[in-house]
Amino acid sequence: MATFVANRWGHVCLLLLVLGLAVALVPSQTLLAQGQNQHVVQTGDTLYSIAARYGTTVDAIVALNGLSSETYIHVGQVLRIPGGSGASGTSASGGAGCSATHVVQAGENLLAIALWYEVSMEAIVSANGIANADQIGVGQQLCIPSGRSGVVQAPVSTPAPTGPSQATTHTVSAGENLFRIALRYGVPTGLLMAVNGITDPTTLSIGQVLVIPGADTTVTQPAPAQPAPAPVAQPPAVTGVGTNAFQASYWNNADMSGTPVLSEMVAAPLDLHWGLGSPGAGVAVDGFSAKFEGDFTFAAGTYRLTSVVDDGMRLYIDDVLIKDAWLDQAASTYFADITLAQGTHRVRLEYYERSQNAQISLRWEQRGRTQVQAPAPTPVPTPVPTPVPASAPAPRTVNPGDFAYGIQAHALEVHNSRPVLRAVNELGFTWLKQQVRWEDMEPSRGNRQWDELDDLVDRATRANVHVLFSVVTAPAWAREPGADLNEAGPPHNDQDFANYMGALASRYCNSSVKALEVWNEQNLHYEWGNLPISADDYIAMLRTASTAIRAACPTMLIVSGALTPAGNNRRPDGFVLARDDLEYLKEMIQLGMLNYVDAVGAHPSGFNIPPHASLQDYCSVIRSTGMANFDAGCNNNNAHRSFSFRSTMEGYRAAVAAVNPAIPIWPTEFGWAVEPPPGNPQYRDIYLFALDNSYQEQANWTVQAYQMMKAWGWVGPAFLWNLNFRVVASGTERAQWGIVNSDWSPLPAYQALKALPK
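Just so you know, we're using the working numbering here: the sequence shown kicks off at 190 and counts up by one.
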């Protein structure tokens with residue numbers, strides 16, 4: 190049984206597999222003296238932060254554990270803590286039913302833990318005899334039950350795609366992954382995993398030989414397992430040299446000048462979340478900088494380094510700058526890929542914090558590493574009979590008019606995709622929307638980045654979740670000369686966009702990606718690059734993209750870019766800031782849009798108006814539900830259809846049905862924002878309606894909206910905005926629509942949707 194130690198954000202920090210170390214790290218509580226606690230060191234811990242958590246001093250911890258000023262703490266180390274306010278750990282029962290033991294960390298809750306391990310919260314409660322799911326203590330050890338116990342997979346009725354007629358082999362080359370290989374040979378990823386005995390699709394190595402099943406391959410229930418020979422371990426992806434830690438230095442300025450005010454050792458990988466607080470004694474809350482340096486041993490290979498930062502960072506390997514993000518910004522994720530020779534390399538991360546939230550993290554992983562030695566190339570073997578996992582269904586066709594429950598989330602990067610997909614399963618939903626920023630995925634012409642999308646698509650396939658990719662934002666190289674790059678905008682040449690959309694459709698044809706949405710809210714000036722808002726220009730782009738998508742993957746559904754609910758709005762100089770969405774929709778239809786799409790996108794925002802209220806009656810409704818901060822035009826006789834969820838949806842349906850009633854409406858974004866008064870001063874005046882809504886109203890109205898859309902009969906998949914932006918974009922206006930808190934604890938809307946009969 191492995192022991193995992195995870196921080197409050199759910200990142201797994203360490204897997205202890207060496208001999209009996211897992212047992213040694215969790216000694217019996219009876220060995221502790223009266224009044225003592227124990228603490229398992231987690232990523233980012235320092236003696237200062239541990240002492241502050243337990244209400245004691247660094248000197249007291251050092252003395253009790255026989256440490257010295259030259260001693261480094263490391264992830265997984267167990268420290269005895271003098272009597273203080275921290276909670277001591279209690280032991281999980283363990284046993285054959287536990288796939289892992291999880292040590293609860295500050296800020297965690299059962300939902301976040303369940304999402305990370307891909308089991309249901311109820312299964313953890315049952316396995317540990319927990320009486321109150323809202324009360325778990327820091328240091329408590331939880332038995333994590335085996336398997337995806339909370340997921341019920343839908344039956345598969347369609348055949349798997351046709352693969353090769355006979356079994357063959359494939360030798361893994363640089364840059365490949367299981368999903369890409371499965372696409373190449375036309376076999377399900379789950380079948381490829383089953384035939385090769387692969388349980389973790391991320392553990393491939395260059396030169397590894399895979400059996401590619403053919404039509405002649407028989408997959409049956411295996412005979413009882415025989416003891417397997419011990420695997421040959423590969424060198425670890427990275428180990429610390431002596432310390433497995435960074436030397437951290439902090440300055441009370443933004444440029445690391447002068448003498449540091451604090452120096453300490455910080456365990457690697459870094460994952461520091463200070464929020465609105467200080468990193469340590471003597472360090473300012475805002476306006477500080479830091480430098481983290483360490484020497485680490487790497488096996489030869491290509492590594493991906495991932496950093497999440499708020500505000501700025503610079504990353505160096507062996508004093509060579511490999512990523513520069515030295516700017517004021519909300520929490521943002523950066524990647525850098527680098528090939529390293531075997532040996533010791535110096536890693537240096539420079540950081541500064543301007544104001545408000547502060548965080549910095551850095552982790553790395555070897556690309557395509559496996560824990561089992563790859564076999565040498567051999568002739569085509571007879572595949573060993575192995576069961577096909579139920580969680581890897583064959584691709585299914587989708588009827589665009591079938592109503593389904595969906596939600597938008599930020600699910601790129603594994604630490605997001607894993608809990609997001611688990612939450613989609615837990616909610617009982619079957620669709621996930623992910624926005625794809627073209628500028629990030631093709632930063633230069635032809636230089637397309639697929640790794641993050643490949644990972645999400647593969648995980649969604651195994652989770653039995655359909656995916657809608659909404660593609661936006663042309664890269665700088667594809668914009669018009671003199672483009673305003675401060676705003677997202679369309680391409681100068683529509684064929685550039687069509688080429689990318691065709692490549693996207695081709696790559697993910699017959700995968701979990703079932704639909705592509707072509708742009709987003711193009712009736713707003715800042716989504717159309719501050720260019721004149723033009724239905725003609727959008728339809729020209731859509732027509733070209735649709736042709737490319739249809740040619741690349743005839744089964745891929747195409748959704749028109751959803752418009753934002755709006756009236757006509759101009760600046761005093763006449764520049765159009767927004768076009769009335771219903772008028773714009775009718776123009777697109779007149780220009781032939783319905784010939785190029787399978788569904789019409791919509792963004793029927795809720796504002797502070799219940800979903801059943803229409804333009805004709807919503808003023809009387811919100812006088813009772815609340816309009817203290819936002820009157821939706823009611824106080825000056827300026828009520829507008831765009832404020833009503835119901836009237837917007839019914840208006841779209843009437844416009845589409847007048848030409849082709851078979852084409853459904855897909856609400857690719859809808860929802861109700863909540864911001865407890867007085868609200869965030871940075872955006873409060875723009876989103877006043879959020880101050881009028883309560884969390885319970887958000888829950889009730891979201892459920893009602895889903896029920897209404899299902900009953901209408903002309904709505905396809907409906908996507909709530911949003912699942913996890915309180916987690917990934919805490920403190921921004923987007924977070925107001927989220928249905929879980931920043932620590933993944935559920936808000937009333939999450940609980941109500943989970944309980945909603947589907």
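For each residue, glycine too, the CB sits at the ideal point set by N, CA and C. Being a predicted model, the structure only gives us computed values, none of them experimental.
Check: Does the distance from the C-beta atom of I239 to that of C287 stay below 8 Å?
Finding: For the purposes of this step, residue 239 is taken as residue 50 along the sequence shown, with counting starting at 1. For the purposes of this step, residue 287 is taken as residue 98 along the sequence shown, with counting starting at 1. No.
Next item on the list: Could you pull the start and end residues of the alpha helix (DSSP H) that K899 belongs to?
Entry: For the purposes of this step, residue 899 is taken as the residue at position 710 of the sequence shown. Run containing K899: Y884 to W901, per the alpha helix (DSSP H) assignment.
Check: How many Å lie between L720 and W627 at the Cα?
Finding: The sequence position of residue 720 within the sequence shown is 531, counting from 1. The sequence position of residue 627 within the sequence shown is 438, counting from 1. One C-alpha to the other measures close to 19 Å.
Next item on the list: Go ahead and pull the three-state DSSP assignment for P413.
Entry: As a first step, residue 413 is located in the sequence shown; it is residue number 224 there, counting from the start. Confidence is the limiting factor: at P413 the pLDDT is only 37, short of 50, which leaves the residue's position unreliable, though a coordinate-based value still follows. In the structure shown, P413 sits in coil (DSSP, three-state: anything other than H, G, I, E or B).
Notebook entry, point to check: Which of the three DSSP states, helix, strand or coil, is assigned to N709?
Noted result: For the purposes of this step, residue 709 is taken as residue 520 along the sequence shown, with counting starting at 1. Residue state, collapsed to three classes: strand.
Notebook entry, point to check: How should F859 be labelled, buried or exposed, when 16 other C-beta atoms within 10 angstroms of its C-beta is the threshold for buried?
Noted result: Locating residue 859 in the sequence shown gives position 670, counting from the first residue. It counts as buried.
Margin query: Are the CB atoms of P754 and Q948 within a distance shorter than 8 Å?
Written below: Beyond the ends of the chain as shown, which are 190 and 947, falls residue 948; an answer cannot be given.
Checklist line | T733 versus N441 - alpha carbon distance | finding: The residue you call residue 733 lines up with position 544 of the sequence shown. The residue you call residue 441 lines up with position 252 of the sequence shown. C-alpha separation (whole angstroms): 54 Å.
Note to self: Below 8 Å on the Cβ atoms is my contact criterion, and I expect V916 with V929 to pass it. Report the Cβ-Cβ distance as a whole number of Å.
What the structure shows: Residue numbering aside, residue 916 sits at position 727 when the sequence shown is read from its first letter. Residue numbering aside, residue 929 sits at position 740 when the sequence shown is read from its first letter. About 7 Å separates the two Cβ atoms, so the contact holds.
Next item on the list: Express the C-alpha separation of P680 and N784 in angstroms, rounding to a whole number.
Entry: Position 595 of the sequence shown, counted from the start, is the residue given in the question as residue 784. Position 491 of the sequence shown, counted from the start, is the residue given in the question as residue 680. C-alpha separation (whole angstroms): 22 Å.
Notebook entry, point to check: What is the DSSP secondary structure of K947, reduced to helix, strand or coil?
Noted result: For the purposes of this step, residue 947 is taken as the residue at position 758 of the sequence shown. The answer is coil: DSSP assigns K947 none of H, G, I, E or B.
Checklist line | Straight-line gap, L693 to S701 (C-alpha atoms, nearest Å) | finding: Working through the sequence shown from its first residue, we reach residue 693 at position 504. Working through the sequence shown from its first residue, we reach residue 701 at position 512. Distance between the alpha carbons of L693 and S701 is about 13 Å.
Checklist line | Pairwise C-alpha distance: A677 and T662 | finding: Taking the sequence shown and counting its residues from 1, one reaches residue 662 at position 473. Taking the sequence shown and counting its residues from 1, one reaches residue 677 at position 488. Computed Cα separation, rounded: 5 Å.
Next item on the list: Please state whether DSSP places A741 in a helix, a strand or coil.
Entry: As a first step, residue 741 must be located in the sequence shown, where it is residue number 552. If DSSP states are grouped into helix, strand and coil, A741 belongs with the helices.
Notebook entry, point to check: By Cβ distance below 8 Å, which residues in the same chain neighbour D517 in space, the five residues on each side in sequence not counted?
Noted result: Reading the sequence shown from its first residue, position 328 is the one you call residue 517. D500, G501 and R543.
Check: For R269, which of helix, strand or coil comes out of DSSP?
Finding: Here residue 269 refers to the residue found at position 80 when the sequence shown is read from its first residue. Note: R269 maps to strand in three-state DSSP.
Notebook entry, point to check: What first and last residue would you give for the alpha helix (DSSP H) that runs through F686?
Noted result: Here residue 686 corresponds to residue number 497 of the sequence shown, with the count starting at 1. D683 to R696 is the span of the alpha helix (DSSP H), which, as asked, contains F686.
Next item on the list: Please name the residue in V587, F618, L399 and D644 whose C-alpha comes closest to that of S606.
Entry: Position 417 of the sequence shown, counted from the first residue, corresponds to residue 606. It is D644.
Next item on the list: Taking the CB atoms as reference points, tell me whether L621 and A593 lie closer together than 8 Å.
Entry: Here residue 621 is taken as the residue at index 432 of the sequence shown, counted from 1. Here residue 593 is taken as the residue at index 404 of the sequence shown, counted from 1. No; because the gap between Cβ atoms is not below 8 Å, this pair is not in contact.
Check: From this set, R923, L945, N321 and K943, which residue's C-alpha is nearest A598's C-alpha?
Finding: For the purposes of this step, residue 598 is taken as the residue at position 409 of the sequence shown. Ranking the options by Cα distance to A598, first place goes to R923.
Note to self: Less than 8 Å between the C-beta atoms of W169 and L300, yes or no?
What the structure shows: A query on residue 169 cannot be resolved here, the shown segment of the chain reaching from 190 to 947 and no further.
Note to self: Comparing C-alpha positions only, which one of L945, V308 and M816 sits nearest to A612?
What the structure shows: The residue labelled residue 612 in the question sits at position 423 within the sequence shown. Cα-wise, what sits closest to A612 is V308.
Item checked: At least 3 beta-carbon pairs within less than 8 Å: the segment 853-869 vs the segment 878-893 -> yes
Note to self: Please report the distance separating the alpha-carbon of A737 from that of M745.
What the structure shows: Start at 1 with the first residue of the sequence shown, and residue 737 comes out as number 548. Start at 1 with the first residue of the sequence shown, and residue 745 comes out as number 556. Going by the C-alpha atoms only, they are around 11 Å apart.
Next item on the list: Decide if G431 is buried, meaning its Cβ has at least 16 other Cβ atoms within 10 Å, or exposed.
Entry: Position 242 of the sequence shown, counting from 1, holds the residue named residue 431. Model confidence at G431 stands at a pLDDT of 33, short of 50, so the residue's coordinates are unreliable and nothing is read from them.
Margin query: Please state whether the Cβ-Cβ distance between P906 and T837 is less than 8 Å.
Written below: The residue given as residue 906 occupies position 717 in the sequence shown. The residue given as residue 837 occupies position 648 in the sequence shown. No; because the gap between Cβ atoms is not below 8 Å, this pair is not in contact.
Next item on the list: Round the Cβ separation of A834 and F819 to the nearest angstrom and send it over; I've been treating them as touching at under 8 Å.
Entry: Numbered from 1 along the sequence shown, position 645 holds the residue referred to as residue 834. Numbered from 1 along the sequence shown, position 630 holds the residue referred to as residue 819. Correcting the residue identity first, residue 834 is Phe in this sequence and not Ala. With 8 Å as the limit, F834 and F819 do not qualify as a contact, their Cβ atoms being about 15 Å apart.
Note to self: Under 8 Å, Cβ to Cβ, is there at least one residue of chain D near V497?
What the structure shows: In the displayed structure, chain D is absent; only one protein chain is listed.
Check: N849 to D769, Cα distance in whole Å?
Finding: For this step, residue 849 is matched to residue 660 along the sequence shown. For this step, residue 769 is matched to residue 580 along the sequence shown. The alpha-carbon atoms of N849 and D769 are separated by roughly 22 Å.
Notebook entry, point to check: In whole angstroms, what is the alpha-carbon distance linking N675 and A316?
Noted result: As a working note, residue 675 is residue 486 in the sequence shown. As a working note, residue 316 is residue 127 in the sequence shown. Rounded to whole angstroms, N675 to A316 spans 52 Å at the Cα level.
Item checked: Which listed residue (M454, A751 and N889) has its alpha carbon closest to that of P856 -> Taking the sequence shown and counting its residues from 1, the one referred to as residue 856 is at position 667. Here the closest residue by C-alpha is A751.
Checklist line | Distance, E710 Cα to A322 Cα | finding: Here residue 322 refers to the residue found at position 133 when the sequence shown is read from its first residue. Here residue 710 refers to the residue found at position 521 when the sequence shown is read from its first residue. Computed Cα separation, rounded: 41 Å.
Notebook entry, point to check: Alpha carbon to alpha carbon, what distance is there between A851 and Q330?
Noted result: Here residue 330 corresponds to residue number 141 of the sequence shown, with the count starting at 1. Here residue 851 corresponds to residue number 662 of the sequence shown, with the count starting at 1. If you take the alpha carbons of Q330 and A851, they lie about 55 Å apart.
Check: Helix or strand or just coil, what does DSSP make of V292?
Finding: For the purposes of this step, residue 292 is taken as the residue at position 103 of the sequence shown. Looking at V292 - three-state DSSP - the assignment turns out to be strand.
Item checked: Outcome for G781 when other beta-carbon atoms lying within 10 angstroms are tallied against a minimum of 16 -> Taking the first residue of the sequence shown as 1, we reach residue 781 at position 592. Looking at its Cβ environment, which holds fewer than 16 other Cβ atoms inside 10 Å, G781 is exposed.
Next item on the list: Can you grab the Cα-Cα spacing for the pair A729 / Q684, in whole Å?
Entry: As a position in the sequence shown, residue 729 is number 540, starting the count at 1. As a position in the sequence shown, residue 684 is number 495, starting the count at 1. Spanning the two alpha carbons is a distance of roughly 10 Å.
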